[in-house]
Amino acid sequence: MRKFLGLILLSFILLLAACGTSGEKEDTANGADDADKTAGEEATEPVDIVIGASSTPHAEILEEAKPLLEEQGINITIETYQDYVLPNEDLESGTLDANFFQHIPFLDQTIDDTGYDLDYIDGIHIEPMGVYSKNITSLDEIEDGQEIIISRSIPDHGRILSLFEQQDLITLDESVEKSTATIEDIVDNPLNLTFSPDVDPLLLPEMYESEPDALVAINTNYAIDAGLNPLEDALFIEDENSEYVNVIAVRSEDKDNPAFQTLVDVLQSEEIQNFILENYDGAVVPVGGSN
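For the sequence shown, the residue numbers in mature numbering (1 follows the signal peptide of the UniProt record, and there is no 0) are -17 to -1, 1 to 274.
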């Protein structure tokens, strides 16, 4: 009788243990499912990026890219700027997550001057620098002592001077990097050209209108904003081999963030490159990850 009762008791204990184990397995399985579900929800959650840009052409290009980016789970908010200082200040402070308005020498110079911890991911397009004049219609009409109005932005000086050197109007010191050349690096100036680096880039189109006898070097984005067609209205202009590619800049800590790489991939896509080619008639030249 005792043996029989012992067997019943043992069977009852084993039954309780089995029920407990089954419940634990079920709870574990349910917990894993919940975790997988949560992870899946997080993985598909959209990423929001606030990006600063010059109104033309940068913001226009970003607007075109918006639907493509949304398909990749990225929503962008575009903040437009009309100057070249605030976009990097706001990126450094965290007001922006990225910006799109500047070429690499300008970014490098800004970092050197301010100590900002910024970097760039890749290039998107080139905006050729052009030289304009109301009354001068050919190089032969440039007179001795001609005034050249240029930006007060030092990173643009080497670019502008190199453009004049390409036209055989000046010669720069060979020992100096072209991108960092300054007015002081001119070693031959047969026409005694006078370079006046006193104007904010935004105001250069106004100088073109108010100083009809001067030559004015204008960044393409400001030229387009002012209704100029760089390819038709410029006396001379950079070609597609310009090294001044416009980039997506970010804080250094975000350089390897996949969301920003996706942003660049979309901006370098065939669809966006075709948009640039079709809408700016060669005044803005797309690049495809060439940097």
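All C-beta atoms in this analysis are idealised placements derived from N, C-alpha and C, irrespective of residue type, glycine included.
Exercise for review: Note the first and the last residue of the continuous alpha helix (DSSP H) segment covering Gly141.
Suggested key: 140 to 149
Check your understanding: Can you tell me whether Asn82 is buried or exposed, with buried defined as 16 or more other CB within 10 angstroms of its CB?
Key -> buried
Check your understanding: Rounded to the nearest angstrom, how far is the Cβ of Tyr99 from that of Glu62, given a contact under 8 Å?
Key -> Not confirmed; about 18 Å, so no contact.
**Study point:** Ranges of the beta strand (DSSP E) found wholly within the region 153 to 216, counting only runs of at least 3
**Key:** 169 to 171, 177 to 182, 198 to 201
Exercise for review: Determine the burial state of Asp19: buried for a count of at least 16 other Cβ atoms within 10 Å of its Cβ, exposed for fewer.
Suggested key: The predicted model places Asp19 with a pLDDT of 40, which falls under 50 and marks its position as unreliable, so this point remains unresolved.
Practice item. Pick helix, strand or coil for Ile255, following the three-state DSSP scheme. Key: helix
**Study point:** Rounded straight-line distance, which links the Cα of Glu28 to that of Arg142
**Key:** 43 Å
Practice item. Answer yes or no: do Val233 and Tyr115 have a C-beta to C-beta separation smaller than 9 Å? Key: no
Exercise for review: Have a look at Leu146, Lys238, Thr97, Asn212 and flag the residue whose alpha-carbon is nearest the alpha-carbon of Ala266.
Suggested key: Asn212
Exercise for review: Mind the definition here: the region 127 to 134 touches the region 185 to 199 only if three or more C-beta pairs lie below 8 Å; say whether that holds.
Suggested key: yes
Review point. Using a Cβ-Cβ cut-off of 6 Å (strictly less than) and excluding sequence neighbours within five positions of His41, which residues of its own chain qualify?
Key: Phe83, Phe84
Practice item. Give me whichever residues DSSP pairs with Val247 in a beta bridge. Key: Note: Val247 sits in no beta bridge, so no partner.
Check your understanding: Who are the near neighbours of Ile255 in its chain, counting only those whose CB is closer than 7 Å to its CB and skipping five residues on each side?
Key -> Ile44, Glu47, Ala48, Val249
Review point. Are there 16 or more other CB atoms within 10 angstroms of the CB of Gly106, so buried, or fewer, so exposed?
Key: buried
Check your understanding: Distance, Cα to Cα, residue 275 vs Val270?
Key -> Outside the modelled stretch of the chain, which goes from -17 to 274, sits residue 275, for which no answer is possible.
Exercise for review: Measure how close the beta-carbons of Ser134 and Pro180 come, nearest whole angstrom, since I'm counting them as under 8 Å.
Suggested key: 7 Å
Point to revise | Cut-off 8 Å between Cβ atoms - residues of its own chain near Thr60, not counting five sequence neighbours on either side | key: Asp31, Ile32, Val33, Ile34
Review point. Out of curiosity, what's the CA-to-CA distance linking Phe258 and Val170?
Key: 42 Å
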